């Protein structure tokens, strides 16, 4: 499908669904008119079911859309139900028109339908997995305590100068020992594009934000001191200075709880995917 046409289709659907958001306001202005219009638009006489050109719209389709809108924070109401039915009528009319033109036989359309079906099944599997193995508050509290331990008790205002060769780092340390200006040397010689223009300043942060050799060096340095030997990491050789130290204030569990829940859910899904992939027979033919 051409991108612009696809966007137009999405816009049409979004525009129809917007009725559900403002249906309450419209209903307050003309409740009887809205109710009569919705009833006359598609319902089979006396049945309460929605039928379009002889094709009934299943109740579970109405329920599914209602569930999505509830998840988005929209309150249930007769007006919302009418808007849902109206939207499903639009979709059914358009789908029937597409079928009459033979578009459902198109390989491209069939592939997109299959991908949409897979996406729904995958989402259902993830929801089922999280329901079968719920993440408890106790699990989240345990993760929070581990996080607090990893963060440590202090945060540090750090500067560094990064170079490729150990000898260059040693020469910089010798220059600093003779009274050289750390910020100026960092601007002139550091290979770290993110900090060199700020005199090597990495701002405040816990030691856990850095790779281990760097982190270990930071925690050992007294305030105002510079490493006496280069610190090697995968990035190169660092000359590190700790400008200041202060107690680290970790947010309370309640503030981070939902972030930990989201991360735990992501880990749960990643584990499921890894387990299923490890058991799957994947071939290229």
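In our numbering, the protein residues as written are 489 to 773. Beta carbons are placed, not taken as given, at the ideal position from N, Cα and C, and that holds for glycine. Model, not experiment: these values are computed from the prediction.
| query | result |
| --- | --- |
| Burial state of residue 723 (16 or more Cβ within 10 Å) | exposed |
| Residue 725 beta carbon less than 8 Å from that of residue 677 | no |
| Strand pairing of residue 721, partner residues [DSSP] | 724 |
| For residue 642, the first and last residue of its enclosing beta strand (DSSP E) | 642-651 |
| Cβ shell of residue 550 (< 8 Å), same chain only, five flanking positions each side left out | 538, 569, 572, 573 and 576 |
| Local conformation of residue 623 per DSSP, three classes | coil |
| Residue(s) in a DSSP beta bridge with residue 714 | 729 |
| Contact with chain C by residue 605, beta-carbon distance below 8 Å | Absent here is chain C; the protein component of the structure consists of one chain. |
| Contacts around residue 545, its chain only, beta-carbon distance under 7 Å, and the 5 residues preceding and following it disregarded | 538, 576 and 580 |
| Close-in-space but distant-in-sequence residues of the same chain around residue 671 (CB under 6 Å, 5 per side omitted) | 687 |
| Selected residue, minimal CA-CA separation from residue 764, among 721, 728, 614 and 627 | 614 |
| For residue 727 and residue 649, believed in contact at Cβ under 8 Å, the rounded distance | 4 Å |
| For residue 546, the first and last residue of its enclosing alpha helix (DSSP H) | Segment: none, residue 546 is in no alpha helix (DSSP H) and carries neither H nor E. |
| Close beta carbons around residue 661, own chain, < 8 Å, minus the five adjacent residues each side | 714, 715, 716, 717, 718 and 727 |
| Nearest candidate by alpha-carbon position, reference residue 693, set 595, 730 and 565 | 730 |
| First through last residue of the beta strand (DSSP E) which encompasses residue 539 | 538-540 |
| Cα-Cα separation, residue 564 to residue 594 | 38 Å |
| Contact check, residue 699 vs residue 721, beta carbons under 8 Å | yes |
| Exposure label - residue 543; buried when at least 16 CB within 10 Å | exposed |
| Beta-ladder partner(s) of residue 734, from DSSP | 643 |
| Whole runs of the beta strand (DSSP E) within the stretch 536-614, excluding any shorter than 3 residues | 538-540 and 543-545 |
| Terminal residues of the beta strand (DSSP E) in which residue 704 lies | Looking at the DSSP string, residue 704 is not in any beta strand (DSSP E); the run it does join, the alpha helix (DSSP H), is 700-708. |
| Integer Cβ distance of residue 646 from residue 690, believed to fall under 8 Å | 5 Å |
| Inter-residue spacing [alpha-carbon to alpha-carbon] between residue 680 and residue 668 | 19 Å |
| Residue of 583, 655 and 548 minimising C-alpha distance to residue 541 | 583 |
| Alpha-carbon spacing of residue 521 relative to residue 761, whole angstroms | Confidence is the limiting factor: at residue 521 the pLDDT is only 45, short of 50, which leaves the residue's position unreliable and the question unanswerable from this model. |
| First through last residue of the beta strand (DSSP E) which encompasses residue 689 | 689-694 |
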